[in-house]
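Here the first sequence is numbered in the working numbering, starting from 268 and rising by one per residue. Inspection log for the structure reproduced underneath, given as structure tokens.
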Amino acid sequence: MRVSRLMLVTLRDDPAEAEIPSHRLLLRGGYMRRVASGVYAYLPLLWRVLSKISAIVRQEMNATGALETLLPALQPASLWERSGRWQGYTAGEGIMFHLVDRQERSLGLGPTHEEVITALAADLLRSYRQLPVSLYQIQTKFRDEIRPRFGLMRGREFIMKDAYSFHADEADLRLAYQRMDQAYRRIFSRCGLRTVAVEADSGAIGGSASQEFMVTAETGEDLILSSPDGRYAANQERARSLPEPAVPLKSTGEVVELQTPGQHSIEDLCAAHGFEPSQTVKVLILLARSAEGQPRPVLVSLRGDQQLNPTKLANAVTTALGEAAGALLEIEPITPEQIRSEGLPPWPLGSLGPHLGDALLAGARSWQTSFLRLADPTAAELEIFVCGANRPDTHLVGARWSDLGEGLPPMADLRAAQPGDRCFQDPSQRLEASRGIEVGHIFQLGRKYSQALEATFTNEQGQDEPLWMGCYGIGVSRLAQAAVEQHHDELGICWPVAIAPFEVIVVVASAQDSVQVALGEQLHDALEQVGLEVLLDDRNERAGVKFKDADLIGIPWRVVVGRGASSGLVELVERSSGSKRECPVTEVVAVVQQHIEADRLGLAATGNS
RNA sequence: CGGGGCGUGGCGCAGUUUGGUAGCGCGGGUGCUUUGGGAGCACUAGGUCGCAGGUUCGAAUCCUGUCGCCCCGACCA
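Here it is as structure tokens:
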């Protein structure tokens, strides 16, 4: 391919819209253009990258026995109503683009395909003899993100590989999950990406076990907590750790009331009276809105030195509310304005204790009139503690759960693990924080969707039962940008060979020099002849411009046909290391071929997986 | 959704406070020179200043509305 025919438009200045290196470089390098917020055109160079990633994904998926398919992006609301996700995905901060057609039917653009695939499975899979089956597709997905950003990292339209597996029993699902885990590791390694697999929350998709694959990068949006030995790694949403032991509270055995004017935070309270935060119980009041029924006030008790993990809370609340409530749409702190507009008297905010009574909710206009109470074990395990007295500017010192009116609430793990915490499985190690870009996520869904959509099969005993399901995603377009984030320098992109748009670029230093031009053409053809993907920079530009562009677009190997051309010498440059050497024309094809064929294996080539 | 900011040639920006003939750099075209790390000179094309109203003799600039985009936040009651 000739650069002069490539519609290559590179930018000298950084586009104003880009914040992180990968986003800037993809725009500057002429790989993509923004069409709307979170919506990008993939230009020819980027499409080659995406196609290469897709090809690797296909090979590895096919190798697991999965079947490629293509499902509709446009999906009827009725299907999503059957799984119970239509509300959650369209109301509140729902992320599904949805529309009404000319017949007044509601439709959505697929952010994921559990509903469609499960309905098909219900239709097609009837017997255990057909199982297991895995299907996958590589397709454009749509998500109306609250805040699209970082180019392809969080777009509203993006390319995703999603796979779904169907099994006769849970053990077989676990096997497929393990195979996918292995296939994912091979895919990322072959793409030349350093990744870490982390325990994850399964979020809106639902299901039990789930694991994310993170490309390690400083600018990643996800926080990973891991043990130094690498045996434990989890997304912050999911991470567990051992809390520091609480400092015991000295007590006279009696509950003492303490005047605490103006001391509304744990920090103020402790500073004023010499308490340790771990001696206190703090109370958070939130409102949970669900798809069905009235909003439910939630009262959370946490040890004062601990932080709430909102994901864990949302999961605990969902479980506690049960299926009748439908999807949890939102859970937010209750404000004084909300209390007022419910027609309730003011609450002693800042002096709340865990024994706050349901009487406060009597007469609420729209809320349910009892608290959903939850306590983190760190709070529940305190024998004696300091907490609010439920009267303004008053706290209790020496309180016990048994003395408080409401007793001990149900326990749930609600605390956020922090960097520096002792590791759950090995207290001698402490969690370290790092950042990552989520490029893959695998789930054991179980029977959630098959039950909702009545996707059953007949087992060996002749009885019908719901299919066991797994689902497995890879953000293909995000992966492309994550690769840039992990592989670039101040000059531009340094693509791993396996996903580079071209493997080698032949730069003719002077397009005026007929010897150089002829040799450049000859080398281009010879390199293609041995099966390499070759770009020939034949533009009538100064050499410097062509070198800058070659560095920017990040072709892994560069052959410079220049001064030495007449004496049979060219220069060979490796993009990632910058190393250069003179090479006789007669040898250069073989040398380049040897390097590239080795590098096509990705990280396996360097043993660095 | 809350807060902040920005919309001026293809890209990056100045000009807006204090209203008075729309500018700079890069990029594009032509010519000459140059030719191994984003060249030099000359000429040239290209913008009803996001859009719609309004104020004014006169609006990129002031006012109102609207659309688009970017950044921060949306657990610590």
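Ideal Cβ positions, reconstructed from N, Cα and C, are used throughout, including at glycine. Model, not experiment: these values are computed from the prediction.
With a CB to CB cut of under 6 Å and the five nearest residues on each side skipped, what residues in its chain are close to Q789? none
According to DSSP, is F417 part of a helix, a strand, or is it coil? coil
For L663 and E504, which I take to be in contact (beta-carbon distance under 8 Å), what is that distance rounded to the nearest angstrom? With 8 Å as the limit, L663 and E504 do not qualify as a contact, their Cβ atoms being about 33 Å apart.
Between R809, Q796 and P600, which has its C-alpha nearest T550's C-alpha? The amino acid occupying residue 550 in the given sequence is Val; Thr does not appear at that position. Of the listed residues, the one whose Cα sits closest to V550 is P600.
Apart from the five residues just before and just after A765, which ones in its own chain have a Cβ nearer than 8 Å to its Cβ? K319, I323, R457, C458, G459, D866, R867, L868 and G869
Within the region 359-391, ranges of the alpha helix (DSSP H) (whole runs, at least 4 residues): 381-391
Applying the criterion that 16 or more other CB atoms from any shown protein chain within 10 Å of the CB defines a buried residue, is G610 buried or exposed? exposed
Nearest to D878 (by Cα), restricted to the options S532, A476, P768 and L566: With the chain covering 268 to 876 only, the question about residue 878 has no answer from this structure.
Here's the rule I'm using: 16 or more other beta-carbon atoms within 10 Å means buried, otherwise exposed. How should G487 be labelled? buried
Given this structure, state the Cα-to-Cα distance separating L419 from Y307, to the nearest angstrom. 8 Å
Excluding the 5 residues flanking E721 on each side, which residues of the same chain have their C-beta closer than 7 Å to its C-beta? A389
E795 versus V801: straight-line alpha-carbon distance, rounded: 6 Å
Closest residue to A646 among W668, V276 and Q354 (Cα-Cα distance): W668
Would you be able to state if there are at least three C-beta pairs under 8 Å between the region 289-296 and the region 771-778? no
Give the list of continuous beta strand (DSSP E) stretches no shorter than 3 residues that lie fully inside the region 467-543. 477-483, 489-493, 500-502 and 523-526
Rounded to whole angstroms, what's the CA-CA distance from A931 to S545? Just pull it up for me. Because the chain here runs from 268 to 876, residue 931 falls outside it and cannot be looked at.
If I measure Cβ to Cβ from A629 and keep anything under 7 Å in the same chain, skipping five residues before and after, which residues do I get? T636
Per the DSSP calculation, A555 is bridged to which residue(s)? R563 and I598
Alpha helix (DSSP H) segment containing L746, residue limits: V743 to Q753
From the DSSP output, in three-state form, read off H899 for me. With the chain running from 268 to 876 in the structure shown, residue 899 is simply not present.
Can you name the residues that DSSP bridges to T357? Paired residues: none, contrary to the question.
Flag this pair as yes or no: are the beta carbons of G737 and A443 separated by less than 8 Å? yes
Just the Cα atoms here: how many angstroms apart are N726 and L391? 15 Å
In this structure, what does DSSP give as the bridge partners for V858? For V858, which the question treats as bridged, DSSP gives no partner whatsoever.
Excluding five sequence neighbours on each side, which residues of the same chain lie with their C-beta closer than 8 Å to the C-beta of M299? L293, Y307, A308, Y309, L310, L313, G418 and L419
Reference W762, options L799, G422, D792 and D818, closest by Cα: D818
With a threshold of 6 Å on Cβ separation, who are the neighbours of G571 within its own chain once the five nearest residues in sequence on each side are excluded? I533, P544, T547 and K549
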